[in-house]
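Residue numbers (numbering that gives the first Met the number 0), protein chains in the order written: chain P, 0 to 334; chain G, 0 to 334; chain D, 0 to 334; chain U, 0 to 334. These notes concern the structure reproduced below.
4 protein chains.
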Amino acid sequence: MRLHRSCFKLPACFLFLDQGELVMELTADQKREIDELTATTYMTKRPTVPALEEILYKPFPVLNHGFIRVVDYMGDDSAIVQAARVSYGRGTKKTSQDKGLINYLMRHRHTSPFEMCEIKLHIKLPIFVARHWVRHRTASINEYSARYSILDREFYFPKFEDMAAQATENHQGRGETLSMEEAQQVFDILKADALKCYDDYEYMLNENPDGTRKDESRKGLARELARMNLPVSVYTQWYWKTDLHNLFHFLSLRAESHAQKEIRDYANIILDICRKWVPLATEAFEEHRLGGTHLSKKGLDAVRRMINGEKIDRESCGLMKGEWNELKTVLGIKE
Amino acid sequence: MRLHRSCFKLPACFLFLDQGELVMELTADQKREIDELTATTYMTKRPTVPALEEILYKPFPVLNHGFIRVVDYMGDDSAIVQAARVSYGRGTKKTSQDKGLINYLMRHRHTSPFEMCEIKLHIKLPIFVARHWVRHRTASINEYSARYSILDREFYFPKFEDMAAQATENHQGRGETLSMEEAQQVFDILKADALKCYDDYEYMLNENPDGTRKDESRKGLARELARMNLPVSVYTQWYWKTDLHNLFHFLSLRAESHAQKEIRDYANIILDICRKWVPLATEAFEEHRLGGTHLSKKGLDAVRRMINGEKIDRESCGLMKGEWNELKTVLGIKE
Amino acid sequence: MRLHRSCFKLPACFLFLDQGELVMELTADQKREIDELTATTYMTKRPTVPALEEILYKPFPVLNHGFIRVVDYMGDDSAIVQAARVSYGRGTKKTSQDKGLINYLMRHRHTSPFEMCEIKLHIKLPIFVARHWVRHRTASINEYSARYSILDREFYFPKFEDMAAQATENHQGRGETLSMEEAQQVFDILKADALKCYDDYEYMLNENPDGTRKDESRKGLARELARMNLPVSVYTQWYWKTDLHNLFHFLSLRAESHAQKEIRDYANIILDICRKWVPLATEAFEEHRLGGTHLSKKGLDAVRRMINGEKIDRESCGLMKGEWNELKTVLGIKE
Amino acid sequence: MRLHRSCFKLPACFLFLDQGELVMELTADQKREIDELTATTYMTKRPTVPALEEILYKPFPVLNHGFIRVVDYMGDDSAIVQAARVSYGRGTKKTSQDKGLINYLMRHRHTSPFEMCEIKLHIKLPIFVARHWVRHRTASINEYSARYSILDREFYFPKFEDMAAQATENHQGRGETLSMEEAQQVFDILKADALKCYDDYEYMLNENPDGTRKDESRKGLARELARMNLPVSVYTQWYWKTDLHNLFHFLSLRAESHAQKEIRDYANIILDICRKWVPLATEAFEEHRLGGTHLSKKGLDAVRRMINGEKIDRESCGLMKGEWNELKTVLGIKE
């Protein structure tokens, strides 16, 4: 069962088990703020997507403490059509025509009309995931500042089934899953180290909730310094805003099998959100980008020969071993 | 009387005189499309700005044939506050607190929260203005394609009072206004050349509105080639989408006195739109950026000495002539 | 014979015929400046590419008056390897290993190491080509200013064999070539209009080379206004600087058959320059990007079935007519 | 004594004391690689800066284990002039004219010519500094991957004199320095936690240098998961390439007093490098940006009144308390 498939059925404030421990839910204040937002409705003349309005502001859980919330959006499928036509009106003629045009744009990499849709997400994520994420430069970010504020006592710990050894083939990913015993041991280590570091973070800060010193005999360490004791598994959060073209680019890299599992979980939730927001564009994206493949010049030549009924081998195609294997896999060719 | 001051009172479809000629209005189809958009209202939970909703989709005239229409927007003043606080809710506490925070952000160049607001404009503008505009790279554009479509027979001709000789001081701008006679002569030249070029464009295209050939004995020239006969005063149009931070940067350069008058006219309309859309942010922008000034190290030193009652001159300040004159102007110092 | 194939054999200062007219060559001053640059050599510890040094600063002709000059560059093939390995040294192990790694990076779209090479070009090009070019936003540009300076009397006129009617299939490109008679007529129109507009530009400017007025009874029109009379076939020039990843992206769109012929001519020269500058990266680019193809999910499925010896048709593949035709073309299937 | 002032005198491979401990130097392999690079010289026709060539490839120490190495560069002061003039030659007329033009460009925020210079740095830095750094989006980065490779056992620990309590005024920076006793205690905590986390990282990895398992009874945890146990004080390294305009923007924010001290140390080294690389541009930057100030509209009005000899107070200027205090500070006004 993949979490993101069912995520839209979860209540706004969720609880679930984290390796046997109850995960902290949103605070009462946070719940109240979200409730206020979802309860108030305005009139607008802007393009509006009812399916996205329904889930606006609601947190979808990712990993053990993370979430994604859609906070705002601009445009819909017809905004892509409208921009492509530089139209005076909504751009839409008939849905079937819109669909055809969107497919054409996606297929021929006319990417600029997809930039005309924009989405803003509120995301809670571990720092090591945030460090991958931020490499996507064409986006706007406001991150929770650990220079101003104190970070929550929340860390990512993988589920047992996600703990695996280094892959032997691919050199960067995961291979065999650990035994229950080794997974338990790893979990115990990660947890003990994280909590010890956090306790020391708090000790060094020496602050009461009202800002006064816990222990008057110590000055306490500035937040910007104390935070350096925290592991990259600690959660941070940010507002992240990007356009649909760059979002699809993000998804093509991060919803893909080579991406680290943890950021893939976020990408899959976002893909679900896109299916609600811009169904035609997302269908075209899944058809032409996610589900398709790229053939090199030699790969294309090999395919042409195979279609002509020729028997081919690696040498006659002039392919290196790695590319040859990738080609066989993508074409579903056994031995 | 500045046009952009009163632009919000104009009807959606406008007529006005272009050096004695009646300017063509929007077509019936375009009017109908715009009317449809403004007549339909949706429910949304997103932040909504009533003052901007009121002018949504309506064209505001710029120059003789150009316009700016707000086509979509995301966020409001409180979205800036919300992102700055990485808040769960709307971010707003009290308006006075929001105002203070927005001012602080603007003053200290914390620019990222301003990226959280986004606007999409439909703009009709002469090509030579478009060529300045496109240098602002952090924006999304979809332009009307002269490879697919035929350009309208519309050209920018300056009003008589805007026709001036080359500036003698600043080397790039305008100086003395032309006499009525010379202005009339220039106008006649610009118009005759533009219309001749357009007539030849149409002749070379050799197309009827239904795509058939006007003159069956000629093949006609491809649009992508025929358009090269048109002067840069011809109008094009595009969808342009950017965030508030980059929009303010655009305005700081293009609503400024060194910008060419024609793009300044567009910038002033956009500034008016910003006042409706994000009044607190725009006030802070006008206070801290547009209305302020930058002092160099030597300039600051000169100011400190003047405040202390010292008499200063250019040599003792170590300033070059150009910078000295600029400093005197900005400080309102006469000889 | 394609011009760009032989362009590296041309002398630095070139003459050739423009539909029977002699094209103006570089001025004596420009030639002297270029000669000075190519005559002086410095010592450096930076990665250096002898094949590129050889052509540094020399103009390669494009279209009738345009050119491309390499003005500076940073990095070589080994700089890509060095960055991918975050190496302390040059990064290179053996050429064969470097080649393998560069191919791997290109194939798996690890694009960031290609950003580590940078090139700066001086380009002379018609305004309508410049308007396509500038849409590539991740680049630095300094353009010759028609607000400060007076544009040269140089226009792009297509060769007879490049004049064609609108395509009937593709809707944006060129179809059938014009007859000699029609081409001659088009050429005469383009030339007459361009020269008339330029004469009037000069008349309105009313400037002698030394800046004084030609005719003392007229003030003359400011340059920023007078230039609006010039057609988009007039030449401008700029410095353009970008990194190799973005250059390859530019080439993948502009050296491609859907791009307008005129910008394709520039792209092909740049592709030749890349072959000299970064031969391994360019080979990988031509193998994996330029010469390859993208298959959609349905297209890939169709290919798999064909390889298995199945007979397929459009309906059973679920493809629309346009995509089906494109697929047959790319796979070299007749029927 | 500021480190960056004397950094250019240090040997390429440095040792110094880290709170009493000897810091590990570069490995023999790394030293050899750097020595090879600095020993080899090539001929080039490109603009070359002897003062920068002298320090090319050499590591300048920052913090306890970090460094900055210039790995490549493109352009010099005259490249800025050349681009501003869209010149055929080097652009330089006389040094005094170049200096005047560069000052003019900086003063009037004509930023594009500064984009024509490019620099590539190899930087070793703690993750929490890297997280600030990466927010500057207009740059190219290749970072050492903790998914492929194992991170070094190196952590940032502040010097005793840099350990301070949270600021009471500014809310994000540092205030009073800690006592020796408290600093020692903080240092002991940071060190113990970091080393414990690293020992557990190594334990979970379960890898010998040759890739075999240390303990055959455990599979070991994948690198991409094990690294999540490391604190943000651990060192990473990357290649970072940007242009001079964006570098100056980086410096204006990160060499500034509100930036965290640790990234400021890096910024100051880079500022020193700029002084060697592009002395005229850096002088203009320090005069007009770093050393200058910005006045708001009300601030400018207040200055004008003071220069006229008026006595002013906060209320009559219409300034909020925060801005009033900032204004007095910048103008050097006591009470």
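Even for Gly, the Cβ is constructed at its ideal location relative to N, Cα and C. Keep in mind the model is a prediction, meaning the values are calculated, not measured.
Proximity test, Cβ basis, 9 Å: residue i and chain U
i, result
"D:GLN96", "no"
"G:MET115", "no"
"P:ILE122", "no"
"P:TYR202", "yes"
"D:PRO46", "yes"
"D:HIS64", "no"
"P:MET162", "yes"
Contacting residues, own chain, Cβ-Cβ under 6 Å from residue i (five flanking each side not counted)
i, result
"D:ARG50", "In the sequence as presented, Arg is not what sits at residue 50 of chain D; that position holds Ala. Around D:ALA50: LYS275."
"U:LYS266", "Looking at the sequence provided, one finds Ala at residue 266 of chain U rather than Lys. Closer than 6 Å at Cβ, skipping near neighbours: LEU250, ARG253 and ALA254."
"G:LEU189", "PHE156"
"P:ARG313", "TRP323"
Any chain P beta carbon closer than 9 Å to residue i
i, result
"G:ASP151", "no"
"G:ASN102", "no"
"U:LEU246", "no"
"G:ALA129", "no"
"U:VAL22", "Low confidence applies here, because U:VAL22 scores a pLDDT of 48, under 50, leaving its location unreliable and the question unanswered by this model."
Beta-carbon spacing of residue i, residue j below 9 Å
i, j, result
"P:ASN245", "P:GLU114", "yes"
"G:ASP192", "D:ASN228", "yes"
"U:ILE140", "D:SER111", "yes"
"P:GLU336", "P:VAL233", "Residue 336 of chain P cannot be examined here, being either before or after the span of chain P that is shown, 0 to 334."
"D:TYR87", "U:LEU25", "yes"
"D:ASN205", "D:ASP198", "no"
"U:ARG291", "G:HIS293", "Contrary to the premise, residue 291 of chain U reads as Gly rather than Arg in this sequence. In this structure, G:HIS293 lies closer than 9 Å to U:GLY291 by Cβ."
"D:ASP264", "D:VAL61", "yes"
"U:LEU224", "P:ARG173", "yes"
Residue i - partner residues in DSSP beta bridges
i, result
"D:PRO230", "G:PRO230"
"U:GLN165", "U:ARG173"
"D:TYR41", "U:THR43"
"U:LEU294", "G:THR292"
"G:TRP239", "G:LEU120 and G:ILE140"
"G:PHE369", "Past the edges of chain G, shown from 0 to 334, lies residue 369 of chain G, and the structure says nothing about it."
"G:MET337", "Past the edges of chain G, shown from 0 to 334, lies residue 337 of chain G, and the structure says nothing about it."
Residue i at chain D interface by Cβ criterion, 9 Å
i, result
"G:ILE140", "yes"
"G:GLN18", "Low confidence applies here, because G:GLN18 scores a pLDDT of 44, under 50, leaving its location unreliable and the question unanswered by this model."
"P:ILE306", "yes"
"P:ARG303", "yes"
Sequence-distant residues of the same chain with beta carbon closer than 7 Å to residue i, five excluded per side
i, result
"D:GLU142", "THR235 and TRP237"
"D:LYS333", "none"
Proximity test, Cβ basis, 9 Å: residue i and chain G
i, result
"D:ASP75", "no"
"D:ASN228", "yes"
"D:LEU326", "no"
"U:GLY298", "yes"
"U:ILE332", "yes"
"D:ALA266", "no"
"P:ALA83", "yes"
Check: residue i C-beta below 8 Å from any heavy atom of the ligand SAH
i, result
"D:ASP264", "In terms of ligand content, the structure shown is empty, and the ligand SAH therefore cannot be addressed."
Answer yes if the region 116-128 of chain P comes into contact with the region 74-88 of chain P, meaning at least three C-beta pairs across the two stretches below 8 Å, and no otherwise.
yes
Give a yes or no on contact between the region 130-147 of chain U and the region 130-146 of chain P, applying the rule of three or more CB pairs nearer than 8 Å.
yes
Quick check: the region 63-70 of chain G against the region 119-126 of chain G, are there 3 or more CB pairs under 8 Å?
yes
With three or more beta-carbon pairs closer than 8 Å as the criterion, would you say the region 36-49 of chain G touches the region 38-55 of chain P?
yes
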